[in-house]
Each structure stands twice: as structure tokens, then as C-alpha cells.
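All remarks here apply to the structure that follows.
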Amino acid sequence: MLLKQSYLEINISKFCLIIRLNFVFLVKKISGSDARQLYAMKVLKKATLKVRDRVRTKMERDILVEVNHPFIVKLHYAFQTEGKLYLILDFLRGGDLFTRLSKEVMFTEDDVKFYLAELALALDHLHSLGIIYRDLKPEKLLIYCTSLPGHLKVCCP
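In UniProt numbering, the protein residues as written are 1 to 157.
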């Protein structure tokens with residue numbers, strides 16, 4: 001399936017990797033039409049979503065459309081089919097903070113200060129828009145690694 005929008009073209013038939021699977025959604029790594037740009041595609045089955053999950057997903061989409069900040073994951077595109085909802089987001093190579101914390105013995109004090117500063121800027125931006133992030137946890141903080149220690153991005157506000 002090929003999706004076209006003036007600013008985005010993604011070949012859905014070229015799935016690269018399943019990143020995360022849970023009871024509510026599946027996240028897959030996909031490539032853009034030029035194969036150099038990678039995205040994360042969050043897939044939700046409508047049949048398995050409770051009403052409150054549908055409301056939360058719509059709210060998540062609406063927030064991500066409104067928000068433009070370097071430390072918040074960017075929503076590139078959202079669409080739906082008869083049975084599924086799709087969100088095309090930034091793909092971040094470093095994984096989530098929870099996994100990174102469980103793999104590393106200890107962060108340095110400088111790393112912690114660095115991540116907290118980026119998190120504070122992201123949360124301040126959300127608050128300036130009247131958005132309160134109520135479910136903040138390490139699994140929703142993603143690391144974008146172009147260099148160590150990598151930058152932090154808030155996911156799914």
C-alpha cells in the first residue's frame with residue numbers, strides 16, 4: 001500500500017522491524033519513499049480498542065498535530081482504514097529510557113542533568129499550550145542517538 005501526501009510518501013509494504021507490541025498497539029519501523037528516512041508507525045486495531053482508548057488516541061493525535069518542539073516526537077501523518085488507526089511518527093534509534101536504564105549500570109550526573117533539562121523544556125512547552133502530561137514514565141521518553149548521550153524526546157503526550 002502506498003500513501004501519498006504532498007509532504008510524505010511512505011511505502012507500507014516495506015516493513016523493517018517490529019519495535020514494540022502490547023495489548024493495545026503495535027509499533028513498526030518503516031522507511032519513507034527515498035528509503036533513507038525512517039519512521040515509526042503505530043498501528044491500533046479498532047476492534048480491540050475500548051471507547052476510552054479511542055478517545056485517548058484521538059487526543060494524542062490532536063496534541064501531536066498542535067505541538068512542534070525539538071524534544072517532543074513529531075507526528076508526520078495520521079490516517080485510518082476500516083479496521084485500523086495509524087500514526088506515522090519520528091523513528092528514534094536510541095530506544096526508550098526504561099530500556100536504557102535497565103541496560104546501563106548508572107548514568108553519570110552530567111547525563112542525568114542533560115536529560116532532565118531536555119525533559120523540562122518539553123514539559124514547559126506542553127504546559128505553555130495548556131497540556132498536562134499525566135502519564136510520564138521512562139517508557140515514554142525516547143532517545144535519539146546521533147551522538148552520545150543522545151537527545152531525549154517525549155512520546156505520546
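Every residue, glycine too, gets a C-beta built ideally from N, C-alpha and C.
With 16 as the cutoff for other CB atoms within 10 Å, does G150 come out buried or exposed?
-> buried
Roughly how many whole angstroms lie between the Cα atoms of Q80 and K46?
-> 9 Å
Residues of its chain near V73, where Cβ-Cβ distance is below 6 Å and the 5 sequence neighbours each way are ignored | L89, D90, K153 and C155
Every unbroken beta strand (DSSP E) within the region 72-114, with a cutoff of 3 residues, ordered by chain = 75-80 and 84-90
Member of E60, E139, L119 and T48 whose CA lies at the smallest distance from the CA of L75 = E60
Would you mind stating whether K84 and V43 have Cβ atoms separated by less than 9 Å?
-> yes
Residues near A78 in its chain [Cβ-Cβ closer than 6 Å; skip 5 each side] | R61 and L87
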